[in-house]
Amino acid sequence: MTEENQRKVVIPGEVLAKGDEFLLGEGTQKKGNGEIISIRYGLLEESNNLIKVIPLSGAYQPRRGNVVIGKVEEITFNGWVIDIGSAERAFLSLTEVPRYVNKDGLDEVMDVGDMVTSKIWSINKRGIDLSIKSRGLGKIDEGILFNVNPNKVPRVIGKEGSMINLIKTNTGCNITVGQNGLIWIKGDLIEDELLAKNSILFVTEKSFISGLTEEVEKWFKENKIRGDKK
Amino acid sequence: MAIKREDGRKVDEIRPISAKVGIIPNADGSAMYQSGKTIAIAAVYGPREHHPRNQRNPAKGTLRCDYNMLSFSVTERIRPGPNRRATEISKITEWALAPVVMLEDYPGMVVDVHIHMTQADAGTRCAGINAAAMALAHAGIPMKNIVSSIAIGKLDKTIVADLNKHEEDFEEGEGATDIPITMTPDGEITHIQLDGTIDKEQLKEAIEMARKVSKEIYEVQKKALKDVGEGK
Numbered sequence: 001m002t003e004e005n006q007r008k009v010v011i012p013g014e015v016l017a018k019g020d021e022f023l024l025g026e027g028t029q030k031k032g033n034g035e036i037i038s039i040r041y042g043l044l045e046e047s048n049n050l051i052k053v054i055p056l057s058g059a060y061q062p063r064r065g066n067v068v069i070g071k072v073e074e075i076t077f078n079g080w081v082i083d084i085g086s087a088e089r090a091f092l093s094l095t096e097v098p099r100y101v102n103k104d105g106l107d108e109v110m111d112v113g114d115m116v117t118s119k120i121w122s123i124n125k126r127g128i129d130l131s132i133k134s135r136g137l138g139k140i141d142e143g144i145l146f147n148v149n150p151n152k153v154p155r156v157i158g159k160e161g162s163m164i165n166l167i168k169t170n171t172g173c174n175i176t177v178g179q180n181g182l183i184w185i186k187g188d189l190i191e192d193e194l195l196a197k198n199s200i201l202f203v204t205e206k207s208f209i210s211g212l213t214e215e216v217e218k219w220f221k222e223n224k225i226r227g228d229k230k
Numbered sequence: 001m002a003i004k005r006e007d008g009r010k011v012d013e014i015r016p017i018s019a020k021v022g023i024i025p026n027a028d029g030s031a032m033y034q035s036g037k038t039i040a041i042a043a044v045y046g047p048r049e050h051h052p053r054n055q056r057n058p059a060k061g062t063l064r065c066d067y068n069m070l071s072f073s074v075t076e077r078i079r080p081g082p083n084r085r086a087t088e089i090s091k092i093t094e095w096a097l098a099p100v101v102m103l104e105d106y107p108g109m110v111v112d113v114h115i116h117m118t119q120a121d122a123g124t125r126c127a128g129i130n131a132a133a134m135a136l137a138h139a140g141i142p143m144k145n146i147v148s149s150i151a152i153g154k155l156d157k158t159i160v161a162d163l164n165k166h167e168e169d170f171e172e173g174e175g176a177t178d179i180p181i182t183m184t185p186d187g188e189i190t191h192i193q194l195d196g197t198i199d200k201e202q203l204k205e206a207i208e209m210a211r212k213v214s215k216e217i218y219e220v221q222k223k224a225l226k227d228v229g230e231g232k
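Chains as they are written, first to last, in our numbering: chain F, 1 to 230; chain B, 1 to 232.
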């Protein structure tokens, strides 16, 4: 992940390149004089003439296919309205539940205030549609749930899941990372869950250093010993 | 006919400025801008659901600014809460920022910008706009450019940059004229106001001076944003 640290921070209006040979990615725009400018504040990424800007901060931007964790806000006659931290309302349809549900018994499946992991199935003008028809999705019964900055989520997951797998193997916990910044940890022991939580907070704090995976390994060595002595 | 400025500045010299981004952890974007004794803090929330619903724009997102001078920001305590002046400056800030923010992708949503003046010593609307521009960028709102704002003044017959409170109350000769100008680093003006009297030639001169000093402000804004992005 070292190359991520060499990426340049760009601000809106900054000229990134000039010419016709470049492809415009997300967060960029071409001006009349051929200059390609950034329209977002973030990190510049350039590969194969494709220029894009990855946002560094700000509110969560929902995307199709994202796994998100949300809170049931409202029960309607044919589903649930879920707060996933985005401006648009997210809706989970009753037809997503694989078994038969009585029209009066929606609250028996999920009540207001329950937490649920789901996948963004589509984004349209009316709002966001969620799906729970996948393994590991559905209502959350137990475990630890906490919030991190949504922009740090890629760091918590790591390249091809390297970081999250490291944390999973070191703590023996089941971890679901919602792209909207909510993280759900479930382990056999509360100590393991807390260790996993602290390690994730460590990752978000130190998200700027290079070689973060090694740092986390070191962190686990130090903190695990302390735990054993107790 | 050199006019002597009370704090010994040159005519085109602005007060010492500093900026910081990411000062409010709970906001989606935030920034502080200081110019001499004037300090503005801005917090941006959103894009989020627009309330009240009847003010929603189904075609594009709305920018909503709120300017507020804190009761302790001036020597004589001011009554807190919105007043005629604060309402006007809120609207002015909105108009100064609207040409650069791109809210087409957020129909029916709102971006809230809250500006608080913790210390006021003239040039508060400019400080507020500068802080708000940084905070909007920090919140990840798509923008065509950053804007920088500066008040150019005229003391008697001399054009000077960045008036302070003492100079704003200048009464000799033709008195003081205050011209707050907001522009992008390319020199496109998004907002201009004028309080006082000035002739055409001198107004052109004032705009030229604004173009020059707004570059200095832009560099400070740019540096503040890049520093927080690089984890400094």
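The C-beta atom is built at its ideal place from N, Cα and C for all residues, glycine as well.
Identify, in the order they occur along the chain, each residue of the same chain with its Cβ nearer than 7 Å to the Cβ of residue i, setting aside the five sequence neighbours on each side.
i                      : result
residue 13 of chain B  : 161
residue 27 of chain B  : 43, 44 and 45
residue 168 of chain F : 175
residue 177 of chain F : 153, 156, 157, 164 and 183
residue 168 of chain B : 122, 176 and 178
residue 86 of chain B  : 67, 68 and 69
For residue i versus residue j, is the C-beta spacing smaller than 7 Å?
i                      : j                      : result
residue 44 of chain F  : residue 8 of chain F   : yes
residue 24 of chain B  : residue 35 of chain B  : no
residue 181 of chain F : residue 150 of chain F : yes
residue 73 of chain B  : residue 132 of chain B : no
residue 159 of chain B : residue 221 of chain B : no
residue 173 of chain F : residue 187 of chain F : yes
residue 123 of chain B : residue 151 of chain B : yes
residue 51 of chain F  : residue 32 of chain F  : no
residue 106 of chain B : residue 153 of chain B : no
residue 106 of chain F : residue 140 of chain F : no
Please classify residue i: is it buried, with 16 or more other beta-carbons within 10 angstroms of its beta-carbon, or exposed?
i                      : result
residue 47 of chain F  : exposed
residue 93 of chain B  : buried
residue 12 of chain F  : buried
residue 84 of chain F  : buried
residue 59 of chain B  : exposed
residue 231 of chain B : exposed
residue 53 of chain B  : exposed
residue 38 of chain F  : buried
Looking only at C-alpha atoms, which of the options sits nearest to residue i?
i                      : options                       : result
residue 198 of chain F : F:219, F:181, F:13 and F:212  : F:219
residue 226 of chain B : F:42, F:15 and F:206          : F:42
residue 68 of chain F  : F:109, F:97 and F:86          : F:86
residue 97 of chain F  : F:186, F:53, F:138 and F:148  : F:138
residue 192 of chain F : F:170, F:211 and F:221        : F:170
residue 68 of chain B  : B:209, B:20, B:102 and B:128  : B:128
residue 144 of chain F : F:123, F:156, F:196 and F:100 : F:196
residue 9 of chain B   : B:193, B:206, B:164 and B:180 : B:164
residue 71 of chain F  : F:185, F:18, F:116 and F:101  : F:116
residue 83 of chain B  : B:185, B:98, B:76 and B:66    : B:66
residue 39 of chain B  : B:103, B:100, B:71 and B:116  : B:116
residue 214 of chain B : B:15, B:6, B:5 and B:110      : B:15
residue 190 of chain F : F:206, F:142, F:108 and F:113 : F:142
residue 113 of chain B : B:81, B:76 and B:97           : B:97
With a threshold of 6 Å on Cβ separation, who are the neighbours of residue i within its own chain once the five nearest residues in sequence on each side are excluded?
i                      : result
residue 56 of chain B  : 50 and 108
residue 240 of chain B : It is not possible to answer for residue 240 of chain B, since the shown part of chain B is limited to 1 through 232.
residue 140 of chain B : none
So, for residue i: in the same chain, excluding its five sequence neighbours on each side, which residues have a beta-carbon less than 8 Å away from its beta-carbon?
i                      : result
residue 156 of chain B : 3, 170, 172, 173, 174 and 175
residue 20 of chain F  : 34
residue 128 of chain F : 62, 84, 86, 88, 89, 90, 91, 120 and 122
residue 65 of chain F  : 119 and 120
residue 19 of chain B  : 31, 32, 33, 34, 130, 131, 134, 220, 221, 223 and 224
residue 60 of chain F  : 84, 85, 86, 150, 179, 180 and 181
residue 213 of chain F : 1, 158, 162, 163 and 166
Nearer than 6 Å: is that true of the beta carbon of residue i relative to any heavy atom of the ligand SAH?
i                      : result
residue 182 of chain F : The ligand content of the structure shown is nil, which means the ligand SAH is not present either.
| said: Restricting to runs no shorter than 4 residues, where is the alpha helix (DSSP H) found entirely within the stretch 74-125 of chain B? | reply: Whole alpha helix (DSSP H) segments, 4+ residues: 84-97.
| message | For a minimum of 4 consecutive residues, which ranges assigned as the alpha helix (DSSP H) are wholly contained in the stretch 102-140 of chain F? | response | Uninterrupted alpha helix (DSSP H) stretches at least 4 residues long and entirely within the stretch 102-140 of chain F occur at 106-109, given in chain order.
| query | Which runs of the beta strand (DSSP E) fall wholly inside the stretch 155-219 of chain B and span at least 3 residues, in chain order? | reply | Within the stretch 155-219 of chain B, the runs of beta strand (DSSP E) at least 3 residues long that lie entirely inside it are, in chain order, 158-161, 176-183 and 189-192.
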